[in-house]
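Numbering (the numbering used here), first residue to last: 1479 to 1760.
We put the beta carbon where it would ideally sit given N, CA and C, even for glycine.
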Amino acid sequence: MRWYVSIGAVLVAGALTASDVAGVAAPDVRLRHQTRSADKTEPKVDVELVLAVDVSYSMDMDELAVQREGYAQAIVSKEFLQALRALPNGKISVTYFEWAASNDQKIIIPWRVIDGPETADAVADEILKASIRRASRTSISGAINFAMPLFENNPYPGLRRVIDISGDGPNNNGVPVTPVRDEAVSKGIVINGLPIMVKEPSYSTMDIENLDWYYEDCVIGGPGAFVVAIKDREKFKEAIRTKLLLEVAGRTPERPVIPVADKEPRVSCMIGEKIWQDRWGR
């Protein structure tokens, strides 16, 4: 089942403490063991986390900078480190890459283990030191396709596999997003979403209304998958911290929680491709 939470409605990050997350079972631990059973690899970390970050031209430079800072600050936050200590192994592995078009992905941070303040500081410093770039088009499907084999090459296997995707628009390049999402879910991967909705929809930026619905119905998937929507620029960093805390703790938002519609998507999963075709005919 997939879930949705609005960051403006609840400060989950501040509420999650070590006592909150201690003893919480990861929702897909059994699935994780099933997917790794063939190679008998013993889990070394609790979560394998892929941070897939949108750097398309629709993101302005200020948003890109705040996004980078948000991830760096979340990783070193007191709440994040408390959640980390409460895990069975007390550690996660993380990789961070930026994406735009279907053939445009760049790894900024290769797989790293975070097991405490020192390793968290090191990863945060790496994120902040990398130069900020922008690129054309938006291929969420390309990002998921790029992320899937990263797990197979991770030297630090974990109990859970999670792709964390942030973005401010629908898929408009590469293959459709839903088949790729379904392939990832079939591999035991959970996809969570961070739709960025801080600007009014614009003809020039390919923005759409109800991007959160699009992410809920077309992008996220897997046991306990959820969306944290950013609708206020001032809450950008807070939203990132909330999302990382939930992912590390293996939890879904507590309130307000709205089950995603089980029928037809509320927003067409091909809306981005249609808008691009209508405007530029290719």
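Following the DSSP letters along the chain, one finds TYR1549 inside the alpha helix (DSSP H) bounded by residues 1539-1554. When secondary structure is reduced to three states using DSSP, TYR1574 falls in the strand class. For LYS1607, the three-state secondary structure derived from DSSP is helix. Within a 10 Å sphere around the beta-carbon of GLY1568 sit fewer than 16 other beta-carbons, which makes this residue exposed.
Residue range 1523-1532 is occupied by the beta strand (DSSP E) that includes ASP1524.
Its Cα nearest to that of ASP1532, the residue SER1619 stands out among ARG1757, SER1619, PRO1566.
Taken through DSSP and simplified to helix, strand or coil, ASP1642 comes out as strand. With contact defined as three or more Cβ pairs closer than 8 angstroms, the stretch 1631-1648 and the stretch 1685-1694 are in contact. Annotation: the continuous beta strand (DSSP E) that includes PRO1588 extends over 1583-1592. Fully contained in the stretch 1641-1678 are the following alpha helix (DSSP H) runs of length 4 or more, in chain order: 1655-1664.
In the DSSP assignment, VAL1705 falls within the unbroken beta strand (DSSP E) covering 1704-1707. DSSP places GLY1699 in the strand class (E or B) of the three-state scheme. With respect to the C-alpha of SER1555, the residue from ILE1622, GLU1596, SER1617, ASP1524 having the closest C-alpha is GLU1596. Counted as a single uninterrupted DSSP element, the alpha helix (DSSP H) harbouring LYS1715 occupies residues 1714-1727. The continuous alpha helix (DSSP H) containing GLU1630 extends over residues 1618-1630.
Here DSSP, grouped into helix, strand and coil, assigns LEU1689 to helix. Around the Cβ of ALA1550, a 10 Å sphere holds 16 or more other Cβ atoms; the residue is buried. Under the three-state reduction of DSSP, GLY1568 is assigned to coil, being neither helix nor strand. Counting every other CB atom within 10 Å of its CB across the protein chains shown gives ASN1581 a total below 16, marking it as exposed. Take the alpha-carbon of VAL1572 and the one of ASP1710: they are about 27 angstroms apart.
Within the same chain, Cβ atoms closer than 7 angstroms to the Cβ of ALA1621 are found at ALA1530, TRP1577, GLN1583, ILE1643, the five residues on either side in sequence being excluded. Contact annotation: GLU1716 and ASN1670 have beta-carbon atoms that are not nearer than 8 angstroms. Here ALA1662 has ILE1622, ALA1625, MET1626, ILE1641, ILE1669, GLY1699, GLY1700 as same chain residues with Cβ atoms under 8 angstroms from its own Cβ, once five neighbours each way along the sequence are excluded. Relative to ILE1570, the option among PRO1521, SER1617, VAL1655, LEU1542 whose CA is nearest is PRO1521. Collapsing the DSSP output to three states places ALA1579 in coil. ALA1543 is not a Cβ neighbour of LEU1722, given a cutoff of 8 angstroms. In this structure, ILE1605 lies near TYR1574, with their beta-carbon atoms less than 8 angstroms apart.
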